[in-house]
Amino acid sequence: MKNASVLVSLVLGALAFSACDDAEPFFHHCPLSTTIIDVCEQESTDTELTCVVREHPMCEEQVCASWKGSDSFCSRACAADSDCPVDSTCQAYLAYSVCVPNAVPPGPLVGTGN
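Each residue of the sequence shown is one higher than the one before, counting from 1344 in this note's numbering.
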């Protein structure tokens, strides 16, 4: 019985450690549907598509963005650079500002793959 409780403790400890290890970075990928992309293209005033979704279920702070043609990523609303994680800046899109990583990953806009 004692060996079983030790084994359970080891397994639980390993699971807890791996859960911390697998934590996604703040700017992880979030999918944008083709319908959302179509709406953003209609609103866009630039040739490089920028799109912001303010209620995205896959993002902790519910903001998903694509910045100037980049792959989409989770973000947050901001008023200044100090509201954003390190190595990112607060950028305005229409009447809304979001945190954008300094090294925005290029990629497909539709989130069906990476």
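Positions of the beta carbon are idealized from the N, C-alpha and C atoms, including for glycine.
CB-CB length for residue i against residue j, believed under 8 Å
| i | j | result |
| --- | --- | --- |
| residue 1375 | residue 1409 | 6 Å |
| residue 1422 | residue 1407 | Between residue 1407 and residue 1422 the Cβ distance is about 19 Å, and since that is not below 8 Å, they are no contact. |
| residue 1417 | residue 1427 | Not really, about 12 Å apart at Cβ, beyond 8 Å. |
| residue 1372 | residue 1415 | 7 Å |
| residue 1419 | residue 1442 | 5 Å |
One or two residues paired with residue i in a DSSP bridge
| i | result |
| --- | --- |
| residue 1420 | 1441 |
| residue 1373 | DSSP lists no partner for residue 1373. |
| residue 1432 | 1443 |
| residue 1387 | Note: residue 1387 sits in no beta bridge, so no partner. |
| residue 1415 | Its beta-bridge partners do not exist; DSSP assigns none. |
Local Cβ density within 10 Å of residue i, reported as buried at 16 or more and exposed below that
| i | result |
| --- | --- |
| residue 1390 | exposed |
| residue 1364 | Any reading at residue 1364 is ruled out, since the residue's pLDDT is 38, under 50, leaving its predicted position unreliable. |
| residue 1368 | exposed |
| residue 1425 | exposed |
7 Å CB neighbourhood of residue i in its chain, flanking five on each side removed
| i | result |
| --- | --- |
| residue 1398 | 1405 |
| residue 1440 | 1420, 1421, 1422, 1433 and 1434 |
Cβ-based neighbour list, residue i, same chain, cut-off 6 Å, excluding 5 preceding and 5 following
| i | result |
| --- | --- |
| residue 1411 | 1391 and 1393 |
| residue 1447 | 1410 and 1413 |
| residue 1436 | 1393 and 1395 |
| residue 1352 | Confidence at residue 1352 is low in this model, with a pLDDT of 31, below 50, so the placement of that residue should be treated as unreliable; the coordinate-derived value is given next. Excluding sequence neighbours, residue 1352 sits near nothing in its chain. |
Extent of the continuous beta strand (DSSP E) to which residue i belongs
| i | result |
| --- | --- |
| residue 1394 | 1394 to 1396 |
| residue 1427 | Taken as a continuous stretch (DSSP letters only), residue 1427 belongs to no beta strand (DSSP E), as it is neither H nor E. |
| residue 1409 | 1406 to 1409 |
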